[in-house]
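Structure record follows, encoded as C-alpha cells.
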Amino acid sequence: MPLMTSATERTAGLVREVRQEQLGLPTPCETFDVKDLINHLEWVAELFESLARQGPRTEQGPYAGDFPERVERTLAAWARPEAWQGAGPAMGLPMTVLAHMYLVDMVVHGWDLARALGQEYAPDSAAVARAERFTDEMAEMGRRRGAFGPPVPVAEDAPPFDRLLGLVGRDPAWTT
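For the sequence shown, position 71 (counting from the first letter as 1) is numbered 116 according to the working numbering, and the numbering increases by one without interruption.
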C-alpha cells in the first residue's frame, strides 16, 4: 500500500499543476495528449476503486478534471485489508495482481505527464523495482490486452526506471 500511495501522490501532484493551455500537449503515450492522459487516469482511479470494493468493471467516461479527488477514494478502498483478498470480479485476476497493475499505471503515467509538461520525474525507487519485476513477468499479457506497446530497447545496464519504461513501450529519451 505505501508504494501505491507514493506513486499516486506523485502523479496527482503533477495533475494538479496542469494548466488549461497544457491540455493539448503531446505525451509519450502515443494515443494521448495531456487531457486524454488525465482522462485515462480518472478512469484508472475509478476502475481500481471499483475493483478494490469488488464492484463491476467501469467504462471510461468524459474528462472531468477530478483525478486528485478520485484517487483519494481509490486509495481509501485499497486501504481496507479485504481489498487485497481473492480475485477481482471484473477481471478474474488476483487482487494483488490488480494492485500491481495500478502501481504500474501510476508510475508510468506519472512519467508520461511529467515529460509532456517538461518536468523532471523521480519515482520512488522501491515502487520502480516492484513495478519492473511485475511488468517483466506480465509484459506479454499487457501487450495482448493493449496496455503496453512494443518493447523499446534500452541498454542492459540502464537504470531500473528506464528498463521499466522500455518494457511498457516507452522511449526513456522521449521529449516534447
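For each residue, glycine too, the CB sits at the ideal point set by N, CA and C. Note that the coordinates shown come from a computational prediction; the quantities given were computed from them, not determined experimentally.
Following the DSSP letters along the chain, one finds residue 141 inside the alpha helix (DSSP H) bounded by residues 140-161. Residue 187 counts as buried, since no fewer than 16 other beta carbons sit within 10 angstroms of its beta carbon. Its chain contains 53, 57 and 90 as the residues whose beta carbon lies nearer than 7 Å to that of residue 116, once the 5 sequence neighbours on both sides are disregarded; these appear in chain order.
Ranked by how close their Cα comes to the Cα of residue 85, the residues 122, 67, 112 and 66 have 112 in first place. Rounded to whole angstroms, the gap between the alpha carbons of residue 170 and residue 66 is 32 Å. Comparing alpha carbon positions, the residue from 201, 63, 73 and 177 closest to residue 216 is 73. With fewer than three CB-CB distances shorter than 8 Å, the region 116-126 does not count as touching the region 165-183. Rounded to the nearest whole angstrom, the CA to CA distance from residue 214 to residue 198 is 9 Å.
For residue 132, the three-state secondary structure derived from DSSP is strand. Straight-line spacing of the CA atoms in residue 110 and residue 81 works out to 11 Å. Beta-bridge pairing by DSSP links residue 71 to 78. Comparing alpha-carbon positions, the option among 128, 162, 93 and 137 lying closest to residue 146 turns out to be 93.
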